[in-house]
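One structure is given below, encoded as C-alpha coordinates.
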Amino acid sequence: MVLGRLIHYGVDAVLLSTLLAGVRRSSGFTLETERITDPTLRSFADKYLGFGESLFDLVQGTAVNSNYFKRDTRR
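In my numbering, the protein residues as written are 1 to 75.
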(Lines of atoms letter the chains of each structure in order from A; the text may use other names.)
(Lines give C-alpha, C1' and ligand atoms only; values in the text may rest on other atoms or scores of the structure.)
Protein backbone atom coordinates (compact mmCIF):
# COMPACT_ATOMS: atom_id res chain seq x y z
CA MET A 1 0.00 0.00 0.00
CA VAL A 2 2.73 2.47 0.97
CA LEU A 3 4.96 1.36 -1.90
CA GLY A 4 2.16 1.90 -4.39
CA ARG A 5 1.56 5.39 -3.05
CA LEU A 6 5.28 6.23 -3.31
CA ILE A 7 5.37 5.02 -6.90
CA HIS A 8 2.27 7.07 -7.68
CA TYR A 9 3.83 10.23 -6.21
CA GLY A 10 7.06 9.55 -8.09
CA VAL A 11 5.24 9.23 -11.41
CA ASP A 12 3.27 12.40 -10.66
CA ALA A 13 6.52 14.27 -9.96
CA VAL A 14 8.03 13.07 -13.25
CA LEU A 15 4.93 14.10 -15.18
CA LEU A 16 4.93 17.54 -13.55
CA SER A 17 8.60 18.03 -14.40
CA THR A 18 7.94 17.04 -18.01
CA LEU A 19 4.95 19.38 -18.19
CA LEU A 20 7.10 22.26 -16.92
CA ALA A 21 9.69 21.44 -19.60
CA GLY A 22 6.97 21.60 -22.26
CA VAL A 23 5.78 24.95 -20.95
CA ARG A 24 9.33 26.28 -21.06
CA ARG A 25 9.82 25.05 -24.62
CA SER A 26 6.54 26.39 -25.95
CA SER A 27 6.31 29.71 -24.11
CA GLY A 28 9.75 30.49 -22.74
CA PHE A 29 8.49 30.75 -19.15
CA THR A 30 10.37 28.77 -16.54
CA LEU A 31 10.69 28.58 -12.78
CA GLU A 32 13.20 31.05 -11.39
CA THR A 33 15.34 28.72 -9.30
CA GLU A 34 17.77 31.55 -8.45
CA ARG A 35 15.17 32.82 -5.98
CA ILE A 36 15.59 29.67 -3.86
CA THR A 37 17.97 30.71 -1.09
CA ASP A 38 19.01 27.26 0.12
CA PRO A 39 21.73 25.94 -2.23
CA THR A 40 20.75 22.30 -1.64
CA LEU A 41 17.10 22.91 -2.57
CA ARG A 42 18.15 25.04 -5.56
CA SER A 43 20.41 22.22 -6.80
CA PHE A 44 17.58 19.71 -6.36
CA ALA A 45 15.16 21.97 -8.26
CA ASP A 46 17.64 22.40 -11.12
CA LYS A 47 18.21 18.64 -11.34
CA TYR A 48 14.46 18.00 -11.14
CA LEU A 49 13.75 20.42 -13.99
CA GLY A 50 16.70 19.05 -15.96
CA PHE A 51 15.27 15.54 -15.68
CA GLY A 52 11.98 16.83 -17.09
CA GLU A 53 13.88 18.42 -19.99
CA SER A 54 15.62 15.12 -20.73
CA LEU A 55 12.37 13.18 -20.63
CA PHE A 56 10.67 15.79 -22.82
CA ASP A 57 13.53 15.45 -25.36
CA LEU A 58 13.10 11.67 -25.34
CA VAL A 59 9.34 11.86 -25.90
CA GLN A 60 9.73 14.51 -28.59
CA GLY A 61 12.39 12.47 -30.40
CA THR A 62 10.19 9.39 -30.27
CA ALA A 63 7.22 11.33 -31.68
CA VAL A 64 9.30 12.84 -34.50
CA ASN A 65 10.58 9.43 -35.61
CA SER A 66 7.23 7.67 -35.26
CA ASN A 67 4.77 6.91 -38.02
CA TYR A 68 1.90 7.57 -35.62
CA PHE A 69 2.56 11.32 -35.43
CA LYS A 70 2.60 13.93 -38.16
CA ARG A 71 3.44 17.63 -38.17
CA ASP A 72 0.44 19.95 -37.97
CA THR A 73 0.56 22.08 -41.11
CA ARG A 74 -1.83 24.73 -39.74
CA ARG A 75 0.96 26.47 -37.82
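Backbone N, C-alpha and C fix where the C-beta goes; we use that ideal spot for every residue, glycine too. In this text, all values refer to a predicted model and were calculated from it rather than measured experimentally.
For residue i, the nearest candidate out of the options (CA to CA)
i	options	result
D57	L3, G22, Y9, R5	G22
L49	R74, F29, D72, T37	F29
L20	S66, K47, E53	E53
Continuous alpha helix (DSSP H) stretch holding residue i: start and end
i	result
I7	2-27
R42	39-64
Residues near residue i by beta carbon distance below 7 Å, same chain, minus five either side
i	result
D46	T33
R42	T33, I36
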